[in-house]
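Please read the structure below before turning to the comments.
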Amino acid sequence: MAGILALDVGGTKIAAGLVDPDGSLIYTATLPTRAAEGTEVVWAVVAELIGNVLQRAGGRVDAVGIGSAGPIDVAAGTVSPVNIEGWRGFALRDRVAAAVPGVPVRLGGDGVCMALAEHRYGAGRGTRSMLGMVVSTGVGGGLVLDGTPVLGRTGNAGHVGHVVVDPDGDRCRCGGRGCVETIASGPSMVRWALAHGWSPETPLADAKALGAAAEAGDPVALRAFRRGTDALAVMIASVGAVCDLDLVVIGGGVAKSGALLFGPLHEALAERARLDFLVGLQVVPAGLGGDAGLVGAAALTMLR
1 MAGILALDVG GTKIAAGLVD PDGSLIYTAT LPTRAAEGTE VVWAVVAELI GNVLQRAGGR
61 VDAVGIGSAG PIDVAAGTVS PVNIEGWRGF ALRDRVAAAV PGVPVRLGGD GVCMALAEHR
121 YGAGRGTRSM LGMVVSTGVG GGLVLDGTPV LGRTGNAGHV GHVVVDPDGD RCRCGGRGCV
181 ETIASGPSMV RWALAHGWSP ETPLADAKAL GAAAEAGDPV ALRAFRRGTD ALAVMIASVG
241 AVCDLDLVVI GGGVAKSGAL LFGPLHEALA ERARLDFLVG LQVVPAGLGG DAGLVGAAAL
301 TMLR
């Protein structure tokens, strides 16, 4: 059985899949990234997942598509994910090509992959210009403008997590200050909530626990989500004004909070996006859920 081997590399988990050319997932596997354990440990995770997919595919695939957290450098084939400190200029494309010889390997940002998948197969079908976003361990993004995915000079176009929304804000892991990722990512909201008196009821203080607390009416947890959605609204209004968007599609772990995220986000965006061509800009949940990254990575291999 042949197909496209797709990889989705994130700071918390790495997924791999076998994808049909029509975007259907035949098989998927996921492992923790183990980002704190060093460069080669993370690569070993990728290599194990590649082996799993190749075994399922009978040892042969037609192409490999890689979506990775960024920044990336498409020309060099390297990645430097902010949330994987050991990977700085890591030659991911060449490593994967050596592991799967004889087939084309295409690298793209995870946000671009998500946007491409949603535009082709998910919530963005039929739209002309859209922003696809992933709000999770970090905040990623990708743009499809006039029906065409925008990659940019290095492949980092649409990297909206590092739009500055608070010039005097916290230092970001990218080296800048006040990026939307420092406020709206899951770990950032958790850190802020803990610093402002949130006492989680479970041993694991993560975004899922914070969401549960907010659903139960915890005031600090609710403020953390409101603060995050305000930051996202500032960024979306800015990108919308620059790109004249039809639609924003949001996926990722934090987006699974549903109305807890989208309710206040719609309210905040109504206050921020007041230009005539932005009024009513739709912001919707991703249609493909957690599969968008893999489906989009596979779709990368079909771009000309």
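Every letter in the sequence shown is one number past the one before it in the working numbering, and letter 156, counting from 1, is 156.
Quick reminder that beta carbons are idealized off the backbone N, C-alpha and C, glycines included.
Asked	Found
If contact is defined by three or more beta carbon pairs under 8 Å, each pair taking one atom from either stretch, is the stretch 263-281 in contact with the stretch 233-244?	yes
If you compare alpha carbons, which of Leu49, Gly11, Leu222 is closest to Ala29?	Leu49
My guess is that Val248 and Val283 are in contact by the Cβ rule of under 8 Å, so how many angstroms apart are they, rounded?	4 Å
Taking Asn52 as the reference, which of Ala297, Asp62, Leu18, Trp43 has the closest Cα?	Leu18
Would you say the stretch 93-100 touches the stretch 111-126, given that touching needs at least three Cβ pairs under 8 Å?	no
Which of helix, strand or coil does DSSP assign to Met235?	helix
Our contact map puts Ala273 next to Ala237 with C-beta atoms below 8 Å; I'd like the distance itself, whole angstroms only.	4 Å
For Met114, report the span of its alpha helix (DSSP H) as first-last.	110-121
In three-state terms, what does DSSP make of Ser199?	coil
Specify, as a first and last residue, the run of the beta strand (DSSP E) that Lys256 falls within.	Premise fails: Lys256 is in no beta strand (DSSP E) and is neither H nor E.
Could you say which of Pro81, Leu131, Thr154, Thr137 lies nearest to Asp146 if we only look at CA atoms?	Leu131
Going by the beta-carbon positions, is the gap between Gly141 and Gly161 smaller than 8 Å?	yes
From which residue to which residue does the beta strand (DSSP E) around Thr28 run?	25-32
State the start and end residues of the unbroken beta strand (DSSP E) segment that holds Thr148.	148-150
Quick one: complete beta strand (DSSP E) runs, 3+ long, within the stretch 79-113?	105-109
If we count the other Cβ atoms within 10 Å of its Cβ and call it buried at 16 or more, is Leu7 buried or exposed?	buried
Flag this pair as touching only if the stretch 247-263 and the stretch 207-219 have three or more C-beta atom pairs under 8 Å; answer yes or no.	yes
Helix, strand or coil for Met189, going by three-state DSSP, please let me know.	helix
Looking only at C-alpha atoms, which of Val164, Val190, Arg191, Gly186 sits nearest to Gly178?	Val164
Is it buried or exposed for Glu181, if we count other Cβ within 10 angstroms and need 16 for buried?	buried
Quick one: grab the DSSP three-state call for Leu261.	helix
Which of helix, strand or coil does DSSP assign to Asp168?	coil
Please report the distance separating the alpha-carbon of Ala2 from that of Ile72.	28 Å
Over the uninterrupted beta strand (DSSP E) stretch that includes Val353, give me the two end residues.	Shown here, the chain extends from 1 to 304; a query on residue 353 therefore has no answer.
Taking the C-alpha atoms as reference points, what is the distance between Trp192 and Lys208?	15 Å
What does the Cβ neighbour count give for Thr137, buried or exposed, with the cut at 16 atoms within 10 Å?	buried
Whole angstroms is fine: what's the gap from Ala63's alpha carbon to Ala91's?	18 Å
Since Gly211 is in the alpha helix (DSSP H), which residue starts that stretch and which ends it?	207-215
Tell me the DSSP bridge mates of Asp230?	Its beta-bridge partners do not exist; DSSP assigns none.
Is it right to say Gly152 is buried, meaning 16 or more other beta carbons lie within 10 angstroms of its own, or is it exposed?	exposed
Only counting the same chain, and skipping five residues up and downstream in sequence, which positions put a Cβ closer than 6 Å to that of Met302?	none
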